[in-house]
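At position 164 of the sequence shown (counting the first as 1) the number is 164 in the UniProt record's numbering, and the numbers step up by one without a gap. Where is the CB? At the ideal position from N, CA and C, for every residue including glycine.
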Amino acid sequence: MNAAQPKDVNYPEKGATYPREDGAARIRLPEGYAHLRVAVPIGRGRDALRAAGEAVTTFRMHRSSGTVIRAEATRAAPGVAVEVGLGAGPLVLRVPCRVVWTVADEDRIGFGYGTRDGHPECGEEAFLVERRADDSVWFTVTAFSRPAVWFTRLAGPLVPVLQRSYARYLGRTLRRLVRRAVESSHGSSITP
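This is the structure in structure tokens:
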């Protein structure tokens, strides 16, 4: 695991979303937070893994979904500051995060970022692409969070619903990006 030692995330459980060798679904998330796990099939094979990993770690997936994202670097790396724009038009809330870990091995590519002071939530979110034993490629969003400001406390149960919906939307966006990348490089289609 490549891990940052950022001093400015606003929660103590840094790196808790890092995937174990035996799969993202086995991550034990800290108590006292709402938990989120969304897994979306992306395709099959190494080409799909590479294309998805590139889209995730360069923030292309986020940008292609319509999310405004600014980062200190072109690729996720431990310690990189990221600012995510939530909302639309004049009602965009810019929320600060920091990449706390990355992984790039034979069957897994992704990163996790943590919230910083000024974020309306407190916690960590991971974006992981993994190729499983059956050669299927999955995108998983794993997160733990709790409200950090009055308006997320007021929104209550609506926040997890929105987070789950957004995670699924990211998965659909990534599947589309991967399909295009694999088709353009090989002239073949990829099975979702």
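- Listed in chain order, the beta strand (DSSP E) runs fully inside the stretch 87 to 169 are 93 to 104, 108 to 115, 121 to 131, 136 to 147, counting runs of at least 3 residues.
- In the displayed model, L49 falls within a helix according to three-state DSSP.
- The continuous alpha helix (DSSP H) containing R60 extends over residues 60 to 64.
- Between P96 and E121, the C-beta gap is not smaller than 9 Å, which leaves the two residues out of contact.
- Straight through space, the alpha carbons of T140 and R50 are spaced by roughly 15 Å.
- Taking 9 Å as the cut-off, the beta carbon of R108 is found no closer than this to the beta carbon of L91.
- About 22 Å separates the beta carbon of I42 from that of L162, a gap too long to meet the 8 Å contact definition.
- Secondary structure note for R44: its beta strand (DSSP E) is the uninterrupted segment 34 to 44.
- The beta-carbon separation of T67 and G85, rounded to 7 Å, stays under the 8 Å limit for a contact.
- Taking 8 Å as the upper bound for CB-CB distance, E125 and G112 are in contact here, some 7 Å apart.
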